[in-house]
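Participant: For the sequence shown, the tail end lands on 188 under our numbering, and the numbers increase by one without skipping.
Just so you know, even glycine gets a beta-carbon here, dropped at the ideal spot from N, CA and C.
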Amino acid sequence: MIRLLPLPLLLMSGWVLAADGARPAADPIGPGSLFQVVVALALVLAFIGASAWLLRRFGRFSVNGTRALRVVASLPLSTRERVVLLQVGEKQLLLGVSPGRVQTLHVLETPLDVSEGGEGATFAERLQNAMHRGHPR
């Protein structure tokens, strides 16, 4: 096992070499060394960022979920509560989400089409129509 020399001995080794007429080692705290450390750190951070971007873009790590389970639409009710339409396979679940609780509000028999540029109705209007179709007043 190699033991590392304490820092004072490493610093004194440069003085001993200078006293012998040999060329002293580069200053480990000089501007050139500091520049090398900053450039190496920037390269490592750039590599980590590029790797994360590539994994998100081409990898299996998806922010929106997979095809089997995905959030179709969301509607905020207040600053802390929201309604979420979740696609699970062929079914759609309407969930109420609050900070400490997730509750199933309704399971839709026929999935809602919430694609962009649909019939012109907003998600809230479609949801209200779907809820009233299942439960007449």
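Assuming Arg177 and Leu156 make a contact with CB atoms under 8 angstroms, what is their CB distance in whole Å?
Facilitator: Taking the sequence shown and counting its residues from 1, the one referred to as residue 177 is at position 126. Taking the sequence shown and counting its residues from 1, the one referred to as residue 156 is at position 105. Arg177 to Leu156, Cβ: 15 angstroms. No contact.
Participant: If you draw a straight line from the C-alpha of Arg133 to the C-alpha of Arg108, how long is it?
Facilitator: Here residue 133 refers to the residue found at position 82 when the sequence shown is read from its first residue. Here residue 108 refers to the residue found at position 57 when the sequence shown is read from its first residue. Those two C-alpha atoms are separated by around 28 angstroms.
Participant: For Val158 and Leu144, which I take to be in contact (beta-carbon distance under 8 angstroms), what is that distance rounded to the nearest angstrom?
Facilitator: Residue mapping note: residue 158 aligns to position 107 of the sequence shown, counting from 1. Residue mapping note: residue 144 aligns to position 93 of the sequence shown, counting from 1. Rounded, the Cβ-Cβ distance is 6 angstroms, consistent with contact.
Participant: Taking Arg131 as part of the beta strand (DSSP E), name the residues at either end of that continuous run.
Facilitator: Within the sequence shown, numbered from 1, the residue matching residue 131 stands at position 80. Looking at the DSSP string, Arg131 is not in any beta strand (DSSP E), and its letter there is neither H nor E.
Participant: Could you check what DSSP says for Leu163 in three-state terms: helix, strand or coil?
Facilitator: Start at 1 with the first residue of the sequence shown, and residue 163 comes out as number 112. Coil.
Participant: By the three-class DSSP mapping on this structure, what secondary structure does Gly168 have?
Facilitator: Taking the first residue of the sequence shown as position 1, residue 168 is located at position 117. Note on Gly168: pLDDT 46, under 50, position unreliable in the model; the coordinate value appears next. Gly168 falls in the coil class under three-state DSSP.
Participant: Does the separation of the CB atoms of Leu126 and Ala175 fall below 7 angstroms?
Facilitator: For the purposes of this step, residue 126 is identified with residue 75 of the sequence shown, where counting begins at 1. For the purposes of this step, residue 175 is identified with residue 124 of the sequence shown, where counting begins at 1. Yes, Cβ-Cβ distance for Leu126 and Ala175 is below 7 angstroms.
Participant: What did DSSP end up calling Ala119 once you bin it into helix, strand or coil?
Facilitator: Taking the first residue of the sequence shown as 1, we reach residue 119 at position 68. Of the three classes helix, strand and coil, the one that applies to Ala119 here is coil, per DSSP.
Participant: For the beta strand (DSSP E) containing Gly147, list its first residue and its last residue.
Facilitator: Working through the sequence shown from its first residue, we reach residue 147 at position 96. 142 to 149 is the span of the beta strand (DSSP E), which, as asked, contains Gly147.
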